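Numbering (the numbering used here), first residue to last: 6 to 208.
Backbone N, C-alpha and C define an ideal beta-carbon position, used for all residues, glycine too.
None of these values were measured; they are calculated from a predicted model.
Structure first, commentary second.
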Ligand code: SAM
């Protein structure tokens, strides 16, 4: 399957509670992915052995289940595992829009839950590593109400799975909570042929 990376390097940015929420969302993510027709190969990168994160994962899954999970968990950095030009860091704060899902890219998701939104954390991280970045086309498809465009990890996997399988953002963005927006723009699906190419430019 296509690799999908979770960047586990954000322990320092989270409270204990947020870290536990992140793990719940990652477990849900793994469940959705496993049941999909064409699962991603999930990579948990930057996972330090014996970190609070690692200990919590082991505790929640139990050692046996953890060992058998179809996940690559490693302390290695994503930038040392994949060619830099294949990596695209997904972040709500990116200036670039993900117009089309690219089956040859390795998308990176920040394994982070922040109750009080610390904006730009994953963007700064991606910039520092000189990686391309992209945000989901939320404004392009949805009438957005005020409020943060940061989605949860379980929403992210369902959106990515759906766009990967169907190529349809309308279907994929159905997994954005309805309370966050006021419906789809009318024109977009008809205009899709005129949309510009993916712009996931590097910094
Ligand atoms: N403030 C955090 C940050 O700096 O990324 C927000 C974390 S968000 C709850 C968890 C992860 O989901 C993000 O790091 C990003 O990879 C992904 N994500 C959430 N919303 C996104 C969006 N609208 N576009 C692209 N990626 C998004």
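Cβ of residue 124 within 7 Å of any heavy atom in the ligand SAM?
Checking every heavy atom of the ligand SAM against the Cβ of residue 124, one is found closer than 7 Å.
Return the Cβ separation of residue 65 and residue 28 in integer angstroms, given the expectation that the two are a contact with Cβ distance under 8 Å.
The pair is a contact, with the Cβ atoms about 6 Å apart (cut-off 8 Å).
Since residue 157 is in the beta strand (DSSP E), which residue starts that stretch and which ends it?
Residue 157 -> no beta strand (DSSP E), and no H or E assigned at all.
Considering only residues of the stretch 87-175, which uninterrupted beta strand (DSSP E) runs meet the minimum length of 3 residues and lie entirely inside it, listed in chain order?
The qualifying runs are 92-95, 111-115, 137-139 and 147-149.
Beta-carbon proximity of residue 152 to residue 183, cut-off 8 Å:
Contact flag unset, no.
Cβ atoms of residue 92 and residue 141: under 8 Å apart, would you say?
It is not a contact, given that the beta carbons lie outside the stated cut-off.
Candidates 77, 75 and 131: closest to residue 101 by CA position
Checked all of 77, 75 and 131; the closest Cα to residue 101 is 131.
Contact under 8 Å by Cβ, residue 9 with residue 112
In contact: residue 9 and residue 112 (Cβ atoms closer than 8 Å).
Give a yes or no on whether the C-beta atoms belonging to residue 115 and residue 12 are separated by under 8 Å.
For the 8 Å CB-CB criterion, residue 115 and residue 12 form a contact.
Roughly how far, in whole angstroms, is the beta-carbon of residue 6 from the beta-carbon of residue 54, given that I think they are within contact range, below 8 Å?
Incorrect: roughly 25 Å between the Cβ atoms, too far for contact.
Flag this pair as yes or no: are the beta carbons of residue 118 and residue 32 separated by less than 8 Å?
Not a contact, by the Cβ cut-off of 8 Å.
Considering just the uninterrupted stretch of the beta strand (DSSP E) at residue 187, what are its terminal residues?
186-189 is the span of the beta strand (DSSP E), which, as asked, contains residue 187.
3-residue-minimum beta strand (DSSP E) runs that sit fully inside the stretch 36-79, ordered along the chain
DSSP runs (the beta strand (DSSP E)) wholly in the stretch 36-79: 46-50 and 76-78.
Within 8 Å, strictly: CB atoms of residue 156 and residue 34:
Contact: no.
Pick helix, strand or coil for residue 181, following the three-state DSSP scheme.
Correct three-state label for residue 181: coil.
In terms of DSSP beta bridges, what is residue 12 paired with?
50 and 115, per the DSSP bridge assignment.
Please list, in chain order, all residues of the same chain as residue 14 whose beta carbon is under 6 Å from its beta carbon, the five residues on each side excluded.
The answer, listed in chain order, is 51.
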